[in-house]
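In my numbering, the protein residues as written are 95 to 222. Here's the structure we're looking at; comments come further down.
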């Protein structure tokens with residue numbers, strides 16, 4: 095049985111365009127995705143005053159590292175700032191959130207993002 099040859103992948107994120115999501119003020123640069131498992135690595139940009147509007151959970155572990163800005167979890171009052179690392183285990187309810195300033199973070203999922211598409215997205219691609 096032949097298996098596909100693995101090769102390295104090098105991207106220059108600063109040369110990639112941001113893709114606006116259907117949630118206002120949220121954009122992404124998808125750096126890597128495994129369509130079979132749903133795992134992904136992306137840069138996420140959230141404009142000041144925007145964020146995730148509802149309490150929700152994920153179908154897999156979520157990892158975030160803040161590259162710039164500050165991002166608040168409104169229920170807990172916790173604020174992530176530049177250099178903060180965040181781990182949210184699968185099934186843990188969290189949010190809503192708000193960017194206190196324009197914020198960019200690296201977001202990693204080790205499987206599919208959501209058990210089902212959240213109401214705040216109007217298409218399946220935005221919830222992947």
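Virtual Cβ for every residue (Gly too), placed ideally from N, Cα, C.
Secondary structure note for residue 127: its beta strand (DSSP E) is the uninterrupted segment 120–127. Between the C-alpha atoms of residue 158 and residue 201 there is a straight-line separation of about 4 Å.
DSSP places residue 193 in the strand class (E or B) of the three-state scheme.
If you check the CB distance, residue 155 and residue 181 come in under 8 Å. DSSP lists 157 as the beta-bridge partner residues of residue 181. Counting only the Cα atoms, residue 167 lies some 9 Å from residue 146. CA-CA distance, residue 162 to residue 186, rounds to 25 Å.
In the structure shown, residue 107 adopts helical secondary structure according to DSSP, grouped into three states.
Of the candidates 194, 207, 208, 194 places its Cα closest to the Cα of residue 141.
When C-beta atoms of the region 211–221 are compared with those of the region 113–127, three or more pairs fall below 8 Å, so the two segments count as touching.
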